[in-house]
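Numbering (the numbering used here), first residue to last: 3 to 264.
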């Protein structure tokens, strides 16, 4: 990823989002609503990851730095942000009325439903990643700062789209079961790993990196991607555990009721 004119305002937007989230969560608790503190920490960590990836120091050669920024901005940050349920927080803060209905209308629209359909979100996220690294797009971005900045924005939004589609924690259109989301996560992880392995051998077209730098960056992308995917898998596992527990509890209640009383 390249530093472009979009990076400073995007980093500032992340800082402001963290402040707004913390203030909103505090308001919920003051009026007596339950909102776990861990979500505040997760959202703050997600914003910090994005800001670090956009503007912070990352050690290593040019390609290793790129791989580190990619992991922070396009993978780790979005995964943490999605796990913090930002849309749910906003909906609970908004009073009944036009703004809340408008936001729900957008969240439940067919367009959002298609974008958050896990295979579509994965195609948008991984497709852009493959295009960046396996076409001349990388070389073009290094000659055009605006294009580089727009790619940063795309990577963040595409990563957030994929994380929200897989986690499915906020109230959005459509119901996607755990099996589909789990399979999509596995397929996306495999595609990301394949790209990292290919970069270990050959860099993006039109670029020239030292062999050691290329190998280090590819390894960081490969193993760092695994860490983020394990985090998303844990989110799915917690959902499966909760769903199974509720189903068993309902079944236990039904079994406790005498047959004649049903």
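A virtual CB, placed ideally from N, CA and C, is assigned to each residue, including glycine.
CB of residue i within 8 Å of CB of residue j, strictly
| i | j | result |
| --- | --- | --- |
| residue 175 | residue 238 | no |
| residue 160 | residue 130 | yes |
| residue 93 | residue 102 | yes |
| residue 120 | residue 178 | yes |
| residue 86 | residue 44 | yes |
| residue 180 | residue 241 | yes |
| residue 135 | residue 216 | no |
| residue 37 | residue 30 | yes |
| residue 173 | residue 109 | yes |
| residue 208 | residue 138 | yes |
Reduced DSSP secondary structure (H/G/I, E/B, other) of residue i
| i | result |
| --- | --- |
| residue 156 | helix |
| residue 135 | helix |
| residue 97 | coil |
| residue 37 | coil |
| residue 60 | coil |
| residue 110 | coil |
| residue 210 | coil |
| residue 75 | helix |
| residue 173 | coil |
| residue 245 | helix |
| residue 87 | coil |
| residue 7 | coil |
| residue 65 | helix |
| residue 178 | coil |
Expected contact under 8 Å - CB spacing of residue i and residue j to nearest Å
| i | j | result |
| --- | --- | --- |
| residue 84 | residue 171 | 7 Å |
| residue 271 | residue 9 | Outside the displayed span of the chain (3 to 264) sits residue 271, for which this structure offers no information. |
| residue 73 | residue 222 | 7 Å |
| residue 189 | residue 164 | In fact, because the Cβ distance is near 11 Å, the residues do not count as touching under 8 Å. |
| residue 23 | residue 88 | 6 Å |
| residue 167 | residue 118 | 5 Å |
| residue 55 | residue 75 | 4 Å |
| residue 2 | residue 141 | Here the chain covers residues 3 to 264 and nothing more, so residue 2 does not appear. |
| residue 46 | residue 27 | Between residue 27 and residue 46 the Cβ distance is about 10 Å, and since that is not below 8 Å, they are no contact. |
| residue 199 | residue 224 | 7 Å |
Chain C within 8 Å of residue i, Cβ atoms only
| i | result |
| --- | --- |
| residue 156 | The displayed structure is made up of one protein chain only, and chain C is not part of it. |
I'd like to know if the segment 204-218 and the segment 148-165 are in contact, where contact means that at least 3 CB-CB pairs between them fall below 8 Å. no
Check whether the segment 43-51 touches the segment 77-94, taking contact to mean three or more Cβ pairs, one atom from each stretch, closer than 8 Å. yes
Does the segment 134-147 come close enough to the segment 55-64 that 3 or more CB-CB pairs lie under 8 Å? no
Contact between the segment 225-244 and the segment 199-206 is defined here as three or more beta-carbon pairs at a separation below 8 Å; is this criterion met? no
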